[in-house]
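J.:
Residue numbers (our numbering): 4 to 436.
If you want it as C-alpha cells, here you go:
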C-alpha cells in the first residue's frame, strides 16, 4: 500500500494550481501563444522543424497566480500525447487558426476535451491576419456542438494573436475565471500521487520522468513507484532546470531516481519502503511501444525491412510506432525487431548486426565512437529530428529493399538485308535499313 502522508500544510485552503493543456492542429500557434505567456521566445527554436514533438510542461505567473501549462504536439502521429494531455489537465485551451478554421487534429483534440469533461476556452489565433474569419470558425464549432458565448452558448472564445499579443491577457483572465468557478482545493494531506507524462533515459543522469503532481506533497528522498518502475527520488527540477525540494498538486517537475523509465500515463505513488514499492510491479504491463505495431513476419514472396527503433523518450517511440502502422506495406513489409529509449550503444550495434536490422534513431545524439563501430559492422543508422522527415526516410529505405524493376525499351528497329564475311577477317559486316 502507498505510504500515508503525515505532512500538514497551513495553506491547504488555497486553490489548487490549475493545469492547463494547450491543444489544436499543427502550426495553428499553440506554442507561439505559450511563448508570449512565458515571455520566452526561444521555446520554438528548441523543437526541430519549428513544431512541438513532445509534451512540454511549463509554469507561468499571471497577476500573482501560478498556472501549469502543457503544450501538446499537433502532428497526427502524436495522438496519444494529446489524449494524455487532456486527461491530466484541469482546463483546456483549444487553439484554432482563424484563417484555416477547423482541421482534423482540431476535431480530434475537441473530442478528447469532451471525453474528459473539463472546462475549455477557444483561442481564435492569428486574428491579426487580413484573411482571418472569426465568424466562419464559430459556425464550424457550432456544427461540432460547441456554441461560443457570443452566439448564445457557454464556451468562452477569445480572439488572439501571438504576433501582436492581442487577447493574451484576456485569455489568461478567462482561464482564471473558469478555475475560480471550479474552486478545487489542493489535497495536501493525501498520499502523494502524480501522473507520468513523459520519460527518458539519459546516459549520465539515468532515468528522467516528467510528472504532474495531483495529490499530496512530493519530496526528495521519498520511495516512489509506478506499475513499471520504482526508485528513490534523488532530485526534482522545475521546467527551467532549477532544483526543487518539494512538489505540490498542479505543479510539474522532472524526477530523477527511478531504476528504469516508467510508462507514460502511469500513476506515480509514494511508498513506505522499497519492498512495498516493488510489490506494485507485479502487474506491470508491457510498454505499448514495445509491442510491434506491424507484422512480426513477412510472406515468403515479400521482401522486408528489419527495424531496431531507439528514441529520446517513450512518447516519441509511441508516435513512431503509430506512424509505421500507416505506411503502405504492400510491396515491402516492416518488421520492428526491438524498441527502446536512450542513447545508441555498442551493444545495440551488435544486436542490430545479428538481427540484420537498420537502427532507426529519433532525436538522439550519436557518439562518434558508436558511429565508427556501426560502420565497421556495416550497420546502418538513420537518425531523424522531425517525424515527417523520418517517414520519408523509411519509405526510401523500403524502396531500396526492392529489386530493380528492369524493363526492355526498344529505341529503334532495323531490317537486316545482307551479312558479309571477308576472307581472313574474324569480323562480320551487316547491311540493312
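Just so you know, even glycine gets a beta-carbon here, dropped at the ideal spot from N, CA and C.
1. By Cβ distance, which residues of its chain are closer than 8 Å to residue 305, with the 5 residues on each side in sequence left out?
2. Can you tell me where the beta strand (DSSP E) holding residue 25 begins and where it ends?
3. Counting pairs of beta carbons, one from the region 272–280 and one from the region 218–226, are three or more of them closer than 8 Å?
4. Using C-beta distances below 8 Å, list every residue in its chain close to residue 386, excluding the 5 sequence neighbours before and after it, in chain order.
5. Please state the DSSP three-state secondary structure of residue 332.
6. Return the CA-CA distance between residue 52 and residue 389, expressed in angstroms with no decimal places.
7. Please list the terminal residues of the continuous beta strand (DSSP E) segment that includes residue 113.
8. Between residue 165 and chain B, is there a C-beta pair that is closer than 7 Å?
9. Smallest Cα separation from residue 330: which of 156, 257, 193, 391?
10. Helix, strand or coil for residue 282, going by three-state DSSP, please let me know.
11. Which stretch, first to last residue, makes up the beta strand (DSSP E) that contains residue 97?
12. Tell me which same chain residues have a C-beta within less than 8 Å of the C-beta of residue 238, skipping the five on either side of it?
13. Please confirm whether residue 312 and residue 357 have their CB atoms less than 7 Å apart.
14. For residue 404, name the three-state secondary structure that DSSP assigns.
15. Taking the Cβ atom as the reference point for each residue, do residue 2 and residue 220 lie within a distance shorter than 7 Å?
16. How many Å lie between residue 315 and residue 154 at the Cα?
17. To the nearest angstrom, report how far apart residue 382 and residue 402 are at their CA atoms.
18. Report back the beta-carbon spacing between residue 373 and residue 347 to the nearest angstrom; my notes put them in contact at under 8 Å.
T.: By the coordinates alone:
1. 334, 335, 336
2. 22–27
3. yes
4. 364, 365, 367, 369
5. coil
6. Residue confidence for residue 52 is low, a pLDDT of 41 falling below 50, so the modelled location carries little weight; the figure read from the coordinates is stated next. Cα to Cα, the separation comes out at about 6 Å.
7. It is not in any beta strand (DSSP E) - residue 113 instead sits in the alpha helix (DSSP H) that spans 107–119.
8. The structure shown contains no chain B, having only a single protein chain.
9. 391
10. helix
11. 94–100
12. 223, 246, 258, 259, 260
13. no
14. helix
15. The structure shown does not extend to residue 2, since the chain is modelled only from 4 through 436, so no value can be given for it.
16. 45 Å
17. 18 Å
18. 5 Å
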